[in-house]
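Counted from 1, the sequence shown has number 49 at position 49 by full-length UniProt numbering; the numbering is strictly sequential.
Here a beta-carbon is modelled for each residue, glycine too, at the ideal position from N, C-alpha and C.
All values derive from a computational prediction rather than experimental measurement.
First up is the structure itself, then whatever we jot down about it.
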Amino acid sequence: MNPKLNSLGLAQVAGKLVSGEALVIKAIQRQEAKLVFLANDCSPTTKKKIKNKSSYYDVPLVEEYTTMEISQALGKKRSLVALTDQGFAKRFIH
């Protein structure tokens with residue numbers, strides 16, 4: 001597993017991660033989301049919706065991981081998550 005993705009699991013345990021389309025969109029709109037992870041193999045409709053929201057609200061978007069990679073890091077199937085903590089987000093933003 002990618003070492004960076006281990007931080008997603010830590011963020012989940014710390015309560016600094018939201019998952020699911022509705023909750024991620026809400027976090028983006030409320031400007032609580034600091035970084036969004038969108039699996040590169042999720043549906044085109046979801047991709048378009050999340051890309052548009054992230055762009056409009058100026059939230060960084062990471063699309064380099066698959067659903068399987070994100071799911072393994074979190075221990076449950078997920079293709080869309082958002083970090084709500086700047087400290088965790090900095091680990092992924094170069």
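Under the rule that 16 or more other beta-carbon atoms within 10 Å means buried, what is residue i, buried or exposed?
{"i": "L10", "result": "exposed"}
{"i": "I93", "result": "exposed"}
{"i": "S54", "result": "buried"}
Mind reading off the beta-carbon distance from residue i to residue j? Whole number of angstroms is fine, and I expect it under 8 Å.
{"i": "R91", "j": "S7", "result": "5 Å"}
{"i": "A82", "j": "A33", "result": "4 Å"}
{"i": "D85", "j": "K16", "result": "4 Å"}
{"i": "G27", "j": "V13", "result": "The identity of residue 27 in the sequence shown is Ala, whereas the question assumes Gly. In fact, because the Cβ distance is near 18 Å, the residues do not count as touching under 8 Å."}
{"i": "T46", "j": "L74", "result": "T46 to L74, Cβ: 17 Å. No contact."}
Discussion item. Going residue by residue through the UniProt domain "Ribosomal protein eL8/eL30/eS12/Gadd45" (8-90), where are the continuous alpha helix (DSSP H) segments of at least 4 residues, counting only ones entirely within it?
Written reply: As for any alpha helix (DSSP H) of minimum length 4 sitting wholly inside the UniProt domain "Ribosomal protein eL8/eL30/eS12/Gadd45" (8-90), the runs are 21-29, 44-56, 67-74, 86-90, ordered along the chain.
Worksheet item: On the three-pair Cβ rule with 8 Å, is the region 59-67 touching the region 29-45?
Response: Touching, yes, given that three or more Cβ pairs across the two stretches are closer than 8 Å.
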